[in-house]
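Step one of this worksheet: look at the structure below.
Numbering (the working numbering), first residue to last: 73 to 136.
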């Protein structure tokens, strides 16, 4: 399981995202997730965007 951090960034004037995948060995390249970035893009990003929208953090406030 990965860890996603969302925090306000004054320089970007928006929320930025950082992520870690501490258990890389559990990511299966056969499922199209070969590294942390591809895992984030294919499995985490869309859930994160949905959660942010649900909290009222619209795309205008995201510096992703």
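Cβ coordinates follow ideal geometry from the N, Cα and C atoms, glycine included.
Short Cβ contact (8 Å threshold) for residue i with residue j
i	j	result
residue 91	residue 76	yes
residue 93	residue 83	no
residue 99	residue 111	yes
residue 58	residue 89	Since the displayed the chain opens at 73 and closes at 136, residue 58 lies outside it and no answer follows.
Residue range of the beta strand (DSSP E) that includes residue i
i	result
residue 128	Per DSSP, residue 128 belongs to no beta strand (DSSP E) and is neither H nor E.
residue 116	Premise fails: residue 116 is in no beta strand (DSSP E) and is neither H nor E.
N- and C-terminal bounds of the alpha helix (DSSP H) containing residue i
i	result
residue 90	Segment 86 to 92 is the beta strand (DSSP E) holding residue 90; no alpha helix (DSSP H) there.
residue 109	108 to 111
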